[in-house]
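Reviewing the structure listed below.
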Amino acid sequence: MATDILIPNKMLASADAALAEAFTVHRLYEASDRDAMLAGVASNIGAIASSGGADRALIEALPNLKLVAHFGVGYDPVDVVCCKERDIRVTNTPDVLNDAVAEMTLGLMLALERRIPHGDRHVREGAWESGGYPLTGELTGKTAGIMGLGRIGKEIARRLQVMKMNVVYHGRTEQKHEPYPYYASLKDMAAASDWLIVVVPGTPETTKAVNADVLKALGPQGALLNIGRGSVVDEKALITCLSDGSLGGAALDVFEDEPRVPEALRAMDNVVLQPHQGSATHKTRWAMGDLVVRNIKAHFAGQPLITPVA
Ligand code: A2R
587 MATDILIPNK MLASADAALA EAFTVHRLYE ASDRDAMLAG VASNIGAIAS
637 SGGADRALIE ALPNLKLVAH FGVGYDPVDV VCCKERDIRV TNTPDVLNDA
687 VAEMTLGLML ALERRIPHGD RHVREGAWES GGYPLTGELT GKTAGIMGLG
737 RIGKEIARRL QVMKMNVVYH GRTEQKHEPY PYYASLKDMA AASDWLIVVV
787 PGTPETTKAV NADVLKALGP QGALLNIGRG SVVDEKALIT CLSDGSLGGA
837 ALDVFEDEPR VPEALRAMDN VVLQPHQGSA THKTRWAMGD LVVRNIKAHF
887 AGQPLITPVA
C-alpha cells in the first residue's frame, strides 16, 4: 500500500507538522519542477491532504491514491466525480467551523446594517468633527431568509433569534422538526425577507441560483449576505442590482473568482467585504487541520473515516 502524503498547496502549519511527524510528506507547492516531482513520487502517494482542492489531472497522475482529505466543509474544489470513478474516498471538515462561520455572518450583518466600517472610517478620517454619521438601519425585528438551513445555517438561525430577528428558510426539502417557516421557492422567500443569507454548497444545482430575479425580489430595502460560495450568486446581476438601486446592499465573504473582487463592488458604499474569512480563526482552523490529520490516520489504520463525504 502507498503510504506517502501529497500536500499540493500550503497547509495550515499545525496540520502539516502533524502529518510530517507520522508520514512521509511531499509538498508539491515547494517543487521548482512540479511535473518532475510528481512523476518521481506518484506511485508512493496514498493520500492527498488538500487545501486548494484536487482536480482530475492531479488525481489521474497518482495511480495508488485512495484518499483525498480536504481542509474545508465545501469540497467543490475536489473532483469528486473522478474520485468516485477511481474508488477514492473523500473527507471534509464539517461542524468544527459552524460557530466561526455563524459568528462572521452576524458580524457582517451588523457591519452593513449599522454601517460599522463606514462609521470607523468617519472617525479615522477626522470627519466626525465636522458632523456626526447619518442614522442607520437596525436588525431587530427584520426577517432573515436563510438559503441552506444545514449545520452552519442552523447556528446562524440560533444567533439571529437572539438578535430578535424573524427567521425563515429555503432548501430543497422542508425540515418539519425545525421551528422556522419554510419556503419551497427561493424567490418567494427573498420577497418576504429583509436579508437573504446564502449558506449552501457550491454545486451545479446552486450555480447562480441567486440571480437577478431573486435579488430584485429581495428589493431596494433588502440586503444579500453570502457566506457560502461565490458561485451561488450571479455577481454581474448583483453589481447591476446594487448600482441601480433594485437591491439595497450586500455583505460578502465569498466571490466568483477569488481573490479577484470586481472593482465595481469594491467601490460601492452599500457593500461590506471580507476576504473569505468565515472559518478563519486560530481555534477553528486548528480544529479543521486536526480533522484532516485524523481522517488520514484513520484511513491508514484501516479504521472508519471520521468525516467522509457521502
Ligand atoms: O436542500 P436541502 O434540504 O438538502 O438543504 C441543504 C441546502 N442545499 C440547498 N438548498 C437549496 N438548493 C440547493 N440546490 C441546495 N443544496 C443544498 O444547503 C442544507 O440545508 C444546506 C447545506 O447544509 P450542510 O450540508 O449541513 O452544509 P454546511 O456544513 O452547513 O455548509 C454549507 C456550505 C458549505 O458547503 C460551504 O460551501 C460553505 O457553506 O461554507
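Everything in the sequence shown is counted per our numbering, starting at 587 for the first residue and increasing by one.
Glycine included, each C-beta is placed from N, C-alpha and C at the ideal position.
Q.
Less than 6 angstroms between C-beta atoms, sequence neighbours within five positions excluded: which residues of the same chain meet that for threonine 729?
A. For the purposes of this step, residue 729 is identified with residue 143 of the sequence shown, where counting begins at 1. Taken in chain order, the residues that qualify are Asn752, Ser779 and Asp780.
Q) Would the beta-carbon of histidine 756 be found less than 7 angstroms away from any heavy atom of the ligand A2R? A) The residue you call residue 756 lines up with position 170 of the sequence shown. Yes, Cβ of histidine 756 sits closer than 7 angstroms to a heavy atom of the ligand A2R.
**Q.** Bounding residues of the alpha helix (DSSP H) (the contiguous stretch that carries methionine 874)
**A.** Translated into positions along the sequence shown, residue 874 becomes position 288. 868–886 is the extent of the alpha helix (DSSP H) around methionine 874.
Q) What are the start and end residues of the beta strand (DSSP E) that includes arginine 815? A) Residue 815 sits at position 229 when you count from the first residue of the sequence shown. Looking at the DSSP string, arginine 815 is not in any beta strand (DSSP E), and its letter there is neither H nor E.
Q | Proximity below 8 angstroms, CB of alanine 635 to CB of leucine 605 | A | Residue 635 sits at position 49 when you count from the first residue of the sequence shown. Residue 605 sits at position 19 when you count from the first residue of the sequence shown. Result yes, Cβ atoms of alanine 635 and leucine 605 sit closer than 8 angstroms.
Q.
Please report the straight-line C-alpha distance between cysteine 827 and isoleucine 813, rounded to a whole angstrom.
A. Your numbering for residue 827 matches position 241 in the sequence shown. Your numbering for residue 813 matches position 227 in the sequence shown. Roughly 19 angstroms between the two C-alpha positions.
Q) Enumerated in chain order, which unbroken segments of the alpha helix (DSSP H) with a length of 4 residues or greater are wholly contained in the stretch 637–695? A) 642–646 and 666–671
(Q) Once the 5 residues before and after histidine 862 are set aside, which same chain residues still bring their CB inside 7 angstroms of it? (A) Counting from one through the sequence shown, the residue named residue 862 turns up at place 276. Taken in chain order, the residues that qualify are Asp839, Val840 and Glu844.
Q | Residue of Met775, Val786 and Val785 minimising C-alpha distance to valine 800 | A | The sequence position of residue 800 within the sequence shown is 214, counting from 1. Of the candidates Met775, Val786 and Val785, the one whose C-alpha sits nearest the C-alpha of valine 800 is Met775.
Q | Secondary structure of proline 767, DSSP reduced to three states | A | Here residue 767 corresponds to residue number 181 of the sequence shown, with the count starting at 1. Proline 767 falls in the coil class under three-state DSSP.
Q: Report the residue from Ala887, His885, Gly888 and Arg880 whose alpha carbon sits nearest the alpha carbon of threonine 679.
A: Counting from 1 along the sequence shown, the entry for residue 679 is found at position 93. The option with the nearest alpha carbon to threonine 679 is Arg880.
Q: Pick helix, strand or coil for histidine 912, following the three-state DSSP scheme.
A: Residue 912 is absent from the model: the chain starts at 587 and stops at 896.
Q. Do valine 785 and methionine 733 have their CB atoms nearer than 8 angstroms?
A. For the purposes of this step, residue 785 is taken as residue 199 along the sequence shown, with counting starting at 1. For the purposes of this step, residue 733 is taken as residue 147 along the sequence shown, with counting starting at 1. Taking 8 angstroms as the Cβ cut-off, valine 785 and methionine 733 qualify as a contacting pair.
Q: Verify the contact flag: proline 787, CB atom, against every heavy atom of the ligand A2R, threshold strictly below 7 angstroms.
A: Reading the sequence shown from its first residue, position 201 is the one you call residue 787. Proline 787 Cβ: within cutoff of the ligand A2R.
Q) With C-beta atoms as the reference, is leucine 782 less than 8 angstroms away from leucine 824? A) Counting from one through the sequence shown, the residue named residue 782 turns up at place 196. Counting from one through the sequence shown, the residue named residue 824 turns up at place 238. In this structure, leucine 824 does not lie closer than 8 angstroms to leucine 782 by Cβ.
Q: Tell me, please, whether the stretch 740–751 touches the stretch 794–809 by the rule of three or more beta-carbon pairs shorter than 8 angstroms.
A: no
Q. Which residue's Cα is closest to the Cα of alanine 873: Leu692, Lys670, Val659 and Gly736?
A. Counted from its first residue, the sequence shown places residue 873 at position 287. Answer by Cα proximity: Val659.
Q. Just to confirm, are valine 682 and histidine 656 a CB contact at a threshold of 8 angstroms?
A. What you label residue 682 is simply residue 96 of the sequence shown in a count that begins at 1. What you label residue 656 is simply residue 70 of the sequence shown in a count that begins at 1. For valine 682 and histidine 656, no; Cβs fall outside 8 angstroms.
Q) Does the Cβ-Cβ distance between alanine 907 and glycine 875 come in under 8 angstroms? A) A query on residue 907 cannot be resolved here, the shown segment of the chain reaching from 587 to 896 and no further.
Q | Where arginine 701 sits in the DSSP three-state scheme | A | Counting from 1 along the sequence shown, the entry for residue 701 is found at position 115. Three-state result, arginine 701: coil.
Q: With alanine 837 as the anchor, note down where its beta strand (DSSP E) starts and where it stops.
A: One-based indexing of the sequence shown puts residue 837 at position 251. Here the beta strand (DSSP E) through alanine 837 covers 835–838.
Q) alpha helix (DSSP H) containing valine 611: first to last residue? A) What you label residue 611 is simply residue 25 of the sequence shown in a count that begins at 1. Counting along the chain, valine 611 falls outside any alpha helix (DSSP H), though it belongs to the beta strand (DSSP E) covering 611–613.
Q: Could you say which of Leu592, Ala603 and Lys670 lies nearest to arginine 620 if we only look at CA atoms?
A: The residue you call residue 620 lines up with position 34 of the sequence shown. Comparing Cα-Cα distances from arginine 620 to each of Leu592, Ala603 and Lys670, the minimum goes to Leu592.
Q: Taking all protein chains shown into account, decide if lysine 888 is buried (16 or more other Cβ within 10 angstroms of its Cβ) or exposed.
A: Within the sequence shown, numbered from 1, the residue matching residue 888 stands at position 302. Correcting the residue identity first, residue 888 is glycine in this sequence and not lysine. Counting Cβ neighbours within 10 Å, glycine 888 comes out exposed, since fewer than 16 surround it.
Q) How many angstroms separate the CA atom of glycine 626 from the CA atom of threonine 726? A) In the sequence shown, counting from the first residue as 1, residue 626 sits at position 40. In the sequence shown, counting from the first residue as 1, residue 726 sits at position 140. Cα-Cα distance, rounded: 60 angstroms.
Q. What do you reckon, are the CB atoms on proline 787 and arginine 815 nearer than 8 angstroms?
A. Indexing the sequence shown from 1 puts residue 787 at position 201. Indexing the sequence shown from 1 puts residue 815 at position 229. Yes, the pair counts as a contact, with Cβ atoms nearer than the cut-off.
**Q.** Straight-line Cα distance separating alanine 603 from lysine 651
**A.** On the sequence shown, residue 651 is found 65 positions in, with the first residue counted as 1. On the sequence shown, residue 603 is found 17 positions in, with the first residue counted as 1. The amino acid at residue 651 is misidentified as lysine; the sequence shows leucine. Between leucine 651 and alanine 603, the C-alpha separation is close to 21 angstroms.
Q. Which one of Val857, Met854, Ala599 and Ala588 has the shortest CA to CA distance from histidine 868?
A. Translated into the one-based positions of the sequence shown, residue 868 becomes position 282. Cα-wise, what sits closest to histidine 868 is Ala599.
Q.
Determine whether the beta carbon atoms of aspartate 641 and histidine 612 lie at a separation below 8 angstroms.
A. Walking along the sequence shown from the start, residue 641 turns up at place 55. Walking along the sequence shown from the start, residue 612 turns up at place 26. Not in contact: aspartate 641 and histidine 612 (Cβ atoms no closer than 8 angstroms).
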